[in-house]
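Numbering (my numbering), first residue to last: 3 to 135.
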């Protein structure tokens, strides 16, 4: 009994790869300095800091900090998506404070939304009134 052959993936020709692949020696020879990619990725360290302030005698596990990180990222993504959708419904190309305010009211529970809006207003006030020495 013959074994069925696995389908092979189509291979791309070298000409189709020319525009996408950059040779590292070419950029160094041309004097181009490539910036390293910076990762802004995690709120886990903040979760640990806040937990230490709230409950200093206990520690938070790394797995719990990762879960808090995932929750924070999910919430930020949902708020940003909802604010974007509200801005598009108003045929406005820009995101405004009120878009995020309405997104908070739609996504968060009532008391949590009020607290988030107050914290956001405080942060905007501090940002607007900041003057470096």
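Beta carbons are placed, not taken as given, at the ideal position from N, Cα and C, and that holds for glycine.
Checklist entry - Mind checking residue 87: buried by the 16 CB within 10 Å criterion, or exposed? => result Label assigned to residue 87: exposed.
Checklist entry - Hey, quick one: how far does the alpha helix (DSSP H) through residue 63 stretch, first residue to last? => result Premise fails: residue 63 is in no alpha helix (DSSP H) and is neither H nor E.
Checklist entry - So, helix, strand or coil for residue 110, using DSSP? => result coil
Next on the checklist: So, with DSSP's three-state summary, where would you put residue 34?
Outcome noted: Residue state, collapsed to three classes: coil.
Checklist entry - Mind checking whether residue 115 and residue 101 have CB atoms under 7 Å apart? => result no
Next on the checklist: Helix, strand or coil, according to DSSP, for residue 103 in the structure here?
Outcome noted: helix
Item to check | Through-space distance from residue 34 to residue 1, alpha-carbon basis | outcome: Any question about residue 1 goes unanswered here, given that the chain covers just 3 to 135.
Item to check | Spatial distance of residue 129 from residue 75 (CA atoms) | outcome: Roughly 23 Å separates the two Cα atoms.
Next on the checklist: On the criterion of 16 or more Cβ atoms from any shown chain inside 10 Å, does residue 131 qualify as buried, or is it exposed?
Outcome noted: The residue in question, residue 131, is exposed, as its Cβ has fewer than 16 Cβ neighbours within 10 Å.
Next on the checklist: Looking at residue 97: is its Cβ nearer than 7 Å to the Cβ of residue 85?
Outcome noted: yes
Checklist entry - What residue ranges within the region 46-87 form continuous alpha helix (DSSP H) runs of no fewer than 4 residues, ordered along the chain? => result Whole alpha helix (DSSP H) segments, 4+ residues: 46-56.
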